[in-house]
Amino acid sequence: MSATTQVAPESPEPETKEARLKQYLCEKASDGEMYFKSKFIADEVDLSAKEIGALMVKLTDCAELEVEKWSYTSATTWRVAPA
Numbered sequence: 001m002s003a004t005t006q007v008a009p010e011s012p013e014p015e016t017k018e019a020r021l022k023q024y025l026c027e028k029a030s031d032g033e034m035y036f037k038s039k040f041i042a043d044e045v046d047l048s049a050k051e052i053g054a055l056m057v058k059l060t061d062c063a064e065l066e067v068e069k070w071s072y073t074s075a076t077t078w079r080v081a082p083a
């Protein structure tokens with residue numbers, strides 16, 4: 001008989017793309033506001049820049065975050081802060 005132990009991850013992986021992006025933004029903005037362009041965080045959240053842009057519009061109604069379309073210079077810059 002072999003004894004194997006499964007270690008549960010510290011925080012489970014969110015099930016939806018929106019939940020994954022929201023969790024990432026909450027962690028990054030926990031110390032204050034942050035500014036970013038979708039194309040620069042796409043690899044970190046395993047989403048395309050286009051998917052992030054579409055999800056950011058949905059997250060403008062999120063209770064945990066303040067999401068603002070901040071500027072547009074070759075790509076949208078988003079401002080995110082804790083609510």
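Just so we're aligned: 76 in full-length UniProt numbering is position 76 of the sequence shown, and the numbers increase by one with no gaps anywhere. Using N, Cα and C, we set each Cβ at its ideal position, and we do this for glycine too. As the structure is a prediction and not an experimental result, all values here were calculated from the model.
Query	Result
Beta-carbon spacing of E66, A54 below 8 Å	no
Short Cβ contact (8 Å threshold) for E21 with L47	According to the sequence as given, residue 21 is Leu; it is not Glu. Yes, these two residues count as a Cβ contact at 8 Å.
Reduced DSSP secondary structure (H/G/I, E/B, other) of E64	coil
Cut-off 8 Å between Cβ atoms - residues of its own chain near E18, not counting five sequence neighbours on either side	L55, K58 and L59
Boundaries of the beta strand (DSSP E) in which A81 is found, first to last residue	T76 to P82
E27, enclosing alpha helix (DSSP H) - first and last residue	K17 to K28
Collapsed DSSP secondary structure at S38 in the structure displayed	helix
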